[in-house]
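J.: If you're matching positions, the sequence shown starts at 1 in the numbering used here and goes up one per residue. Just so it is clear, CB atoms sit at the ideal spot from N, CA and C, and this is done for glycine as well. A quick note: this is a predicted structure, and the numbers were derived from the prediction, not measured.
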Amino acid sequence: MGKTFKKIAFPLFACLLFLINSTNVNAQVLAGRIIVDNFEKPGKVNSLGGDFGAFADPKSIGHCYLFFVQNKDKDVLGKSKYSLYIQWDTSREGAYGGYWTNLNHLNLRDYNYLAFYVKGIKGGEVFKVGLRGKVDSSYETKILINDLLAKGVLIGWQKVTIPLKSFQAIKDWSDVNFFSINFEHSFGSGKGAILIDEVVFEK
Numbered sequence: 001m002g003k004t005f006k007k008i009a010f011p012l013f014a015c016l017l018f019l020i021n022s023t024n025v026n027a028q029v030l031a032g033r034i035i036v037d038n039f040e041k042p043g044k045v046n047s048l049g050g051d052f053g054a055f056a057d058p059k060s061i062g063h064c065y066l067f068f069v070q071n072k073d074k075d076v077l078g079k080s081k082y083s084l085y086i087q088w089d090t091s092r093e094g095a096y097g098g099y100w101t102n103l104n105h106l107n108l109r110d111y112n113y114l115a116f117y118v119k120g121i122k123g124g125e126v127f128k129v130g131l132r133g134k135v136d137s138s139y140e141t142k143i144l145i146n147d148l149l150a151k152g153v154l155i156g157w158q159k160v161t162i163p164l165k166s167f168q169a170i171k172d173w174s175d176v177n178f179f180s181i182n183f184e185h186s187f188g189s190g191k192g193a194i195l196i197d198e199v200v201f202e203k
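#1: Which residue marks the beginning of the beta strand (DSSP E) containing residue 197, and which one marks its end?
#2: Can you grab the Cα-Cα spacing for the pair residue 163 / residue 69, in whole Å?
#3: Quick test of your reading: residue 86 and residue 155, contact by CB under 8 Å. State the CB separation rounded to the nearest angstrom.
#4: So, at 7 Å on beta carbons, what are the nonlocal neighbours of residue 108 in its own chain, with the 5 sequence-adjacent residues on each side left out?
#5: List the endpoints of the continuous beta strand (DSSP E) containing residue 180.
#6: Compute the Euclidean distance between the alpha carbons of residue 38 and residue 146, then round it to the nearest angstrom.
#7: Among the candidates 139, 158, 185, whose CA atom is the shortest distance from the CA of residue 167?
#8: Between which two residues does the beta strand (DSSP E) carrying residue 56 extend?
#9: Am I right that residue 157 and residue 117 are in contact with their C-beta atoms under 8 Å? What's the rounded C-beta distance?
#10: Would you tell me roughly how many angstroms separate the C-alpha atoms of residue 187 and residue 104, rounded to the nearest one?
#11: Rank 43, 76, 121, 185 by C-alpha distance to the C-alpha of residue 198 and give the top, closest one.
#12: What are the partner residues of residue 87, as DSSP defines its beta bridges?
#13: Report the option in 96, 84, 47 whose CA atom is closest to the CA atom of residue 63.
#14: Roughly how many angstroms separate the alpha carbons of residue 142 and residue 126, rounded to a whole number?
#15: Rounded to whole angstroms, what is the Cα-Cα separation between residue 81 and residue 50?
#16: Quick check: residue 98 and residue 181, are their CB atoms within less than 9 Å of each other?
#17: Counting along the chain, where does the beta strand (DSSP E) carrying residue 170 start and finish?
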């Protein structure tokens with residue numbers, strides 16, 4: 001990898017996606033943005049007060065692990081203290097895994113975009129971005145990162161901005177519950193690692 005990341009003491013998550021506390025919380029709203037997570041407080045809670053973690057296929061063919069990282073080479077975003085490091089292996093047939101964070105019934109009627117920053121470790125990493133509406137939704141729109149970034153994931157930080165209308169499975173924007181990053185053998189994720197930071201909704 002060429003650089004040494006300081007991995008902060010933090011439990012590894014390699015579990016199935018599960019439903020968590022659905023209590024409404026006050027969103028962190030700043031200058032027309034709702035901050036989902038900026039990863040500045042290591043711990044298993046996002047900036048909305050919701051849980052987050054990793055998931056993998058039930059047969060554990062694949063895996064996904066999460067770490068908070070900081071290092072002197074400034075691989076964290078800008079002036080951030082921490083960024084989230086996601087490491088996965090979906091190199092075997094049938095494998096999948098990923099990262100999810102709970103939005104706690106977030107009302108996004110007045111918002112138009114989902115945005116976050118991503119940095120590849122080697123470049124060319126492949127994943128899909130998902131957004132789920134109601135908790136009991138049976139379908140979730142997932143968008144391939146290569147359809148969002150003209151040059152794909154690079155080894156420098158890039159901002160990803162996605163119009164919410166792209167997530168066509170969501171019919172009620174007053175009740176949005178999960179953001180996810182998904183890796184699968186079926187669309188060529190293989191194994192690798194990325195850094196993400198500043199997950200927000202924007203007007």
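T.: Inspection of the coordinates gives the following:
#1: 191-202
#2: 29 Å
#3: So it is not a contact: roughly 15 Å between Cβ atoms.
#4: 164, 173, 176, 201
#5: 176-184
#6: 23 Å
#7: 139
#8: 52-56
#9: 5 Å
#10: 29 Å
#11: 76
#12: 65, 193
#13: 96
#14: 13 Å
#15: 20 Å
#16: yes
#17: Residue 170 -> no beta strand (DSSP E), and no H or E assigned at all.
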